[in-house]
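All remarks here apply to the structure that follows.
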Amino acid sequence: MKVDVVIGLQWGDEGKGKIVDVLTPNYPVVARFQGGPNAGHTLEFNGKKFVLHTIPSGIFRPNTLNIIGNGVVVDPAILMGEIGKLNAAGIETKGKIVLSKKAHLILPTHRALDAAYEAAKGASKIGSTLKGIGPAYTDKTSRNGLRIGDILQPNFLQKYHTLKQKHVDTLNQLHYNTNVDEAEKIWMQSVEQLRQEFTIVDSEYDINEALKSGKKVLAEGAQGSMLDVDFGSYPFVTSSNTICAGACTGLGIAPGCIGEVIGIFKAYCTRVGSGPFPTELNDEVGEQLREQGHEFGSTTGRARRCGWLDLVALKYSIMISGATQLLMMKADVMDNFDAIKVAIAYNINGRQADRYPYEIGAPITPVYKEFKGWKQKIADCRKEVHLPKELMDYIKFIEQETGVPVKLVSVGPDREETILRQTCRNAG
Ligand code: GDP
Ligand code: IMO
Ligand code: MG
């Protein structure tokens, strides 16, 4: 069996949580492979709304095993907080989640360092979610990090204090005054709960054994391809590989195990935090997208920047990950628009470019193609034939430009507000 990989093709918040929840009935195993609590994945069903940060979005289905893979960075306090909220809402989590021994820990001082580094950057700050992601991955790659498996070792506290002291020294050098005592208390209690209540495993074995025994696995990406540490608009990126390749290193599966690469995109674009955004709309149209799309961060509540669909960036993301199918989200947000634009190229210093540029500082003027709006409510549509012609024209243009089929159209946040297109046998 294969691992199908769901990834965001834009700057995150494309609707990955909803899609993983919709697809999960076909997958006995769902696995997160990178990122950490910087993610906020929203699911809506039966009139209820949940936001997940660390826990895979398969948790609401009774027979799905949810794996938090080695590539994820885990803050035990946030993880246990999520478990508590789910249990309080009557969602059973016991026996449904396993955690990789090799996943790295986010310490309270990682969060403090995140804040200190952002403060030091001043106006050029990244706009991090301040969950400690960058500092935790930095410790991982500089070989100083602590892993989940360490909490099972007798010398865990000693290792913790050694690393914490390093962080405190750095915070002092940065003249960043903070007190982590309270956070540390909760963190240590959560570590104890992890030890007692969680199944901590060599998840690479679990996944490969699941595949061998004929079980399909769905890998749930976090963030988006344009925030990838290698291919995003560096340095305005996150600190992990958000692209499909991240699933191999973040789960311990061979490239040949990858099946479908399911690329999720919004019918327009959003970005939260700093960094280049060529099609950003700082006008009433951008405001309309934000209002209609409720574009406020699931993790931080920050207003998301909004703009038209960017095909240059989308094609780049599709190329890097080899997306085999596209799923289009949130077209309903543009129901009232007279006209819809899509960037088909960039104009940089008077030259037309169809590549995403290395130099992110240069002013980019997008070259737009305009489409007629459908001016009709689509949230109640449940079949492709019910979708307006103008929307189908828009979708067909995207397919023609990218060469990849749009196999699903999402018309609202709820699980049910989803249209599988006729050709869409494998996405569902
Ligand atoms: P993720 O991080 O990729 O899982 O996405 P988020 O949950 O951060 O943001 C997506 C937001 O859009 C959430 O509030 C979803 O409930 C909502 N959403 C998902 N699909 C649709 C859709 O097709 N239409 C509308 N209007 N909202 C959607
Ligand atoms: P999901 O999984 C949108 C952005 C932050 C910031 C940059 C670095 O919900 O799509 P970090 O906290 O990683 O140091 O932040 O990346 N960012 C996201 N934007 N969705 C996310 O996750 C994001 N995770 C990080 O806003 O610009
Ligand atoms: Mg999100």
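Sequence positions in the sequence shown follow the numbering used here and run 51 to 478. Even glycine gets a Cβ: it sits at the ideal position worked out from N, Cα and C.
query	result
Quick check on DSSP: helix, strand or coil for residue 58?	strand
Along the beta strand (DSSP E) that carries residue 415, what are the first and last residues, could you check?	414 to 422
Is it true that the region 59 to 76 meets the region 272 to 285, where meeting means three or more beta-carbon pairs spaced less than 8 Å apart?	yes
Nearer than 7 Å: is that true of the beta carbon of residue 351 relative to any heavy atom of the ligand IMO?	no
For residue 426, which residues in the same chain have their Cβ closer than 6 Å to its Cβ, ignoring the five residues on either side in sequence?	438
Do you know offhand how far residue 153's Cα is from residue 104's?	12 Å
In the DSSP assignment, the alpha helix (DSSP H) including residue 446 goes from what residue to what residue?	439 to 452
Out of 422, 216, 344 and 366, which one is the CA nearest neighbour of residue 356?	344
Any contact of the region 263 to 275 with the region 217 to 232, i.e. 3+ C-beta pairs under 8 Å?	no
Whole angstroms is fine: what's the gap from residue 475's alpha carbon to residue 455's?	Note that residue 475 scores 49 on pLDDT, short of 50, meaning its location in the model is unreliable; the coordinates nonetheless yield the value given after this. About 12 Å.
By Cβ distance, which residues of its chain are closer than 7 Å to residue 116, with the 5 residues on each side in sequence left out?	80, 105, 106, 108, 109, 146 and 147
The ligand MG heavy atoms versus the CB of residue 460: any closer than 7 Å?	no
DSSP state of residue 99, grouped into three classes?	strand
Tell whether a beta-carbon distance below 8 Å holds between residue 315 and residue 379.	yes
Looking at residue 68: is its Cβ nearer than 8 Å to the Cβ of residue 56?	no
So, residue 181 versus residue 88, is the Cβ gap smaller than 8 Å?	yes
Whole-angstrom Cβ separation of residue 230 and residue 158, contact assumed at under 8 Å?	4 Å
For the region 197 to 212 against the region 232 to 251, are there 3 or more C-beta pairs whose distance is under 8 Å?	yes
May I have the straight-line CA-CA distance separating residue 164 from residue 289, to the nearest angstrom?	12 Å
From residue 141 to residue 463, what distance separates their C-alpha atoms?	20 Å
Taking contact to mean at least 3 C-beta pairs separated by less than 8 Å, is the region 296 to 311 in contact with the region 393 to 412?	no
According to DSSP, is residue 64 part of a helix, a strand, or is it coil?	coil
Answer yes or no: do residue 304 and residue 84 have a C-beta to C-beta separation smaller than 8 Å?	no
Determine the direct distance from the alpha carbon of residue 354 to that of residue 323, and round the result to whole angstroms.	8 Å
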